[in-house]
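Chains as they are written, first to last, in this note's numbering: chain C, 7 to 181; chain L, 87 to 268.
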């Protein structure tokens, strides 16, 4: 009997009754403000959401696709050959999605759609569409990198690619 | 509204934050130093170059526009705007203010709408008196041609402006493609 009473007392001692909570609007506003501010900061400086417009990276990325650009990447690492990168184009909100293919001091040329870097053909399994481009040999100047899209089915004149300042590297797509 | 009650200290802190924010906004947007004047002039030039579809926005009359455009440039200029777009190479060059005006009125009818946005504007001065400014920025031009084709072109702008009679005027202007095979 004594034991039963003890258990009952213990049960009663762990039962909480909460008073009805009043909504603290000030706290709610502060929380919403902090979350909104943090989200804007992350989207501006760390993970920039991007809607892909155009088919120059097809079939790797389709037009009207969506990805995030990881912006601090090139503060930590150097670009690698055949890596897909996000480049600042012009204005505030336009970026380019391209593949890095050659670095300063290297030569590039294209014969019948085959890209040669320093005279050696580059194996490009990601180029799926037929390409008949030709580009005479040229050296990548200091401070620039050579980039192209994966879709080379259009005439070379209509493709936005070639030499671009290295400091326009903005980040990498996260998928 | 009991939830918004703030103590005196918190009110004071809030006022300090608001004043600091207003001060920062004023400093970055409304301060009147030479660099800001150059930026303002750049934006005025862009606003002038932009073109709205007929019936909307500001479309200047030719006579007044020629005079206004001329005011943006020094008498002796060195303008070179080149690019490659849709299979066509084009280069616009001008060595005098009169050439700039005539080239502008020759090309303007070919475009039905044009809007330009500037970014990454960097202004530095080439002399101690701040009478010659060097400007670098990127520009994105979007619009439609007379044929109905839409275009979207990025350019890296480098320009030199000189202060003449209190007005900043372009002495040199280069617009190069951000990315090209050359």
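Where is the CB? At the ideal position from N, CA and C, for every residue including glycine.
Option nearest residue i by Cα separation, candidates the options
| i | options | result |
| --- | --- | --- |
| residue 5 of chain C | C:151, C:136, C:140 | For chain C, the structure presents residues 7 to 181; residue 5 of chain C sits outside this window and is missing. |
| residue 264 of chain L | L:238, L:181, L:246, L:254 | L:238 |
| residue 160 of chain L | L:247, L:266, L:267, L:260 | L:247 |
| residue 258 of chain L | L:179, L:199, L:164 | L:164 |
| residue 210 of chain L | L:97, L:244, L:177 | L:244 |
| residue 138 of chain C | C:110, C:155, C:119, C:146 | C:119 |
| residue 126 of chain C | C:136, C:143, C:132 | C:143 |
| residue 199 of chain L | L:206, L:267, L:207, L:133 | L:133 |
| residue 105 of chain C | C:31, C:63, C:117, C:122 | C:63 |
| residue 155 of chain C | C:124, C:96, C:69 | C:69 |
| residue 61 of chain C | C:180, C:134, C:141, C:140 | C:134 |
| residue 252 of chain L | L:135, L:186, L:120 | L:120 |
| residue 208 of chain L | L:255, L:222, L:217 | L:222 |
| residue 254 of chain L | L:97, L:187, L:220 | L:220 |
| residue 82 of chain C | C:166, C:45, C:52 | C:52 |
| residue 181 of chain C | C:34, C:37, C:56 | C:56 |
| residue 97 of chain C | L:206, L:218, L:152 | L:206 |
| residue 123 of chain C | C:136, C:88, C:132 | C:88 |
| residue 250 of chain L | L:236, L:217, L:241 | L:217 |
| residue 137 of chain L | L:126, L:266, L:151, L:125 | L:151 |
| residue 76 of chain C | C:48, C:99, C:86, C:31 | C:48 |
Range covered by the beta strand (DSSP E) that runs through residue i
| i | result |
| --- | --- |
| residue 223 of chain L | 218 to 231 |
| residue 74 of chain C | 72 to 76 |
| residue 259 of chain L | 253 to 263 |
| residue 83 of chain C | It is not in any beta strand (DSSP E) - residue 83 of chain C carries neither H nor E in the DSSP assignment. |
| residue 115 of chain C | 113 to 117 |
| residue 205 of chain L | 197 to 211 |
| residue 158 of chain C | No beta strand (DSSP E) contains residue 158 of chain C, which DSSP labels as neither H nor E. |
| residue 90 of chain C | 90 to 94 |
| residue 108 of chain C | 101 to 108 |
Neighbouring residues, chain B, relative to residue i (Cβ below 8 Å)
| i | result |
| --- | --- |
| residue 240 of chain L | Looking for chain B here will not work: the only protein chains present are C and L. |
Cutoff 6 Å; reference residue i; Cβ partners in own chain excluding five residues on either side
| i | result |
| --- | --- |
| residue 78 of chain C | none |
| residue 228 of chain L | 201, 238 |
| residue 213 of chain L | none |
| residue 167 of chain L | 178, 261 |
| residue 183 of chain L | 156, 159, 161 |
| residue 144 of chain L | With a pLDDT of only 46 at residue 144 of chain L, under 50, the local geometry of the prediction cannot be trusted, and the value read off the model is given with reservation. Once the five neighbours on either side are set aside, residue 144 of chain L has no close Cβ partner at all. |
| residue 344 of chain L | The structure shown does not extend to residue 344 of chain L, since chain L is modelled only from 87 to 268, so the question has no answer here. |
| residue 71 of chain C | 58 |
Cut-off 7 Å between Cβ atoms - residues of its own chain near residue i, not counting five sequence neighbours on either side
| i | result |
| --- | --- |
| residue 146 of chain C | 108, 109, 110, 111, 112, 114, 152, 169 |
| residue 142 of chain L | Residue confidence is low: residue 142 of chain L scores 47 on pLDDT, short of 50, so the model does not pin down where it sits. No coordinate-derived value is stated. |
| residue 94 of chain C | 101, 174, 176 |
| residue 149 of chain C | 110, 171, 172 |
| residue 103 of chain C | 58, 63, 67, 90, 92, 179 |
| residue 167 of chain C | 104, 153, 154, 155 |
Range of the contiguous alpha helix (DSSP H) that encloses residue i
| i | result |
| --- | --- |
| residue 244 of chain L | First-last for residue 244 of chain L: 236 to 250, but that is the beta strand (DSSP E), not the alpha helix (DSSP H). |
| residue 39 of chain C | 31 to 51 |
| residue 174 of chain C | First-last for residue 174 of chain C: undefined, no H or E at that position. |
| residue 130 of chain L | 120 to 135 |
| residue 190 of chain L | 183 to 193 |
| residue 98 of chain L | 94 to 111 |
heavy atom of the ligand ZN below 7 Å from residue i C-beta
| i | result |
| --- | --- |
| residue 139 of chain C | As presented, the structure is devoid of all ligands, the ligand ZN included, so that no description of it is given. |
Cβ neighbours of residue i in the same chain (closer than 8 Å, five flanking residues each side left out)
| i | result |
| --- | --- |
| residue 87 of chain L | Because residue 87 of chain L sits at a pLDDT of 46, beneath the cut-off of 50, its placement in the model cannot be relied upon, and the following sentence gives the value as read from the coordinates. Counting only Cβ-Cβ distances below 8 Å, and skipping sequence neighbours, we find nothing. |
Review point. Taking contact to mean at least 3 C-beta pairs separated by less than 8 Å, is the region 185 to 198 of chain L in contact with the region 219 to 236 of chain L?
Key: yes
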